[in-house]
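In full-length UniProt numbering, the protein residues as written are 1 to 191. Glycine included, every Cβ here is placed at the ideal spot set by N, Cα and C.
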């Protein structure tokens, strides 16, 4: 964690940060069981992929499978990472992760200040750095979905298969980032 924290500090000037968390939707067909739970705010069916990445866009944690109707904060609370951080308060005593305004502020998850037009200069600067730094997770999701376009819409009635396929894409994404594309079997993996 110390290496990741130093890297974030060097790139963004953000102290004690070890990751950025967010959720993205993987659009799919209506599941056979409880399809209404999978309808998201865009009125389409999806499951949620919650990811936490480092400054090099490598996913350090992934939680897959919450219905599309569930928000980011609730997804985080239900995730193994969220439960772990709640249970073991001292684990990341000197570190934290960044989330957007959809998350709940805790001593482990830092969110931007809500802007009602009355922020101080220091709070605005914090939000600017926070946004710039937190864009890592948006770029990680973008790269993941660009490389494996199947993740933009996955036609599958089998949720277990869908979740396993998403995790396989994340593992391959990390492998390519950590080892280099020259080690990949081919430039594009198709699922």
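Thinking residue i and residue j are a contact (beta carbons under 8 Å), I'd like their distance in whole angstroms, please.
{"i": "residue 28", "j": "residue 47", "result": "6 Å"}
{"i": "residue 72", "j": "residue 102", "result": "4 Å"}
{"i": "residue 26", "j": "residue 151", "result": "6 Å"}
{"i": "residue 69", "j": "residue 39", "result": "6 Å"}
Tell me whether residue i sits in a helix, a strand or coil according to DSSP, three-state version.
{"i": "residue 151", "result": "helix"}
{"i": "residue 88", "result": "coil"}
{"i": "residue 1", "result": "coil"}
{"i": "residue 14", "result": "coil"}
{"i": "residue 171", "result": "helix"}
Can you grab the Cα-Cα spacing for the pair residue i / residue j, in whole Å?
{"i": "residue 248", "j": "residue 36", "result": "There is no way to answer for residue 248, as the model of the chain reaches only from 1 to 191."}
{"i": "residue 104", "j": "residue 41", "result": "20 Å"}
{"i": "residue 144", "j": "residue 109", "result": "23 Å"}
{"i": "residue 117", "j": "residue 99", "result": "21 Å"}
{"i": "residue 45", "j": "residue 160", "result": "16 Å"}
{"i": "residue 168", "j": "residue 125", "result": "38 Å"}
{"i": "residue 32", "j": "residue 77", "result": "26 Å"}
{"i": "residue 43", "j": "residue 57", "result": "29 Å"}
{"i": "residue 59", "j": "residue 12", "result": "18 Å"}
{"i": "residue 34", "j": "residue 171", "result": "29 Å"}
{"i": "residue 135", "j": "residue 158", "result": "32 Å"}
Ordered along the chain, which non-local residues of its own chain (more than five positions away) have a Cβ less than 7 Å from that of residue i?
{"i": "residue 162", "result": "28, 47, 154, 156"}
{"i": "residue 81", "result": "52, 61, 63"}
Within a Cβ cutoff of 8 Å, which residues of the same chain sit near residue i, ignoring the five residues on either side of it in sequence?
{"i": "residue 119", "result": "113, 127"}
{"i": "residue 92", "result": "1, 18, 85, 108"}
{"i": "residue 131", "result": "112"}
Only counting the same chain, and skipping five residues up and downstream in sequence, which positions put a Cβ closer than 6 Å to that of residue i?
{"i": "residue 75", "result": "23, 48, 50, 66"}
{"i": "residue 15", "result": "9"}
Q. Which ranges would you report for the beta strand (DSSP E) in the region 92 to 131 if only whole runs of at least 3 residues count?
A. 96 to 98
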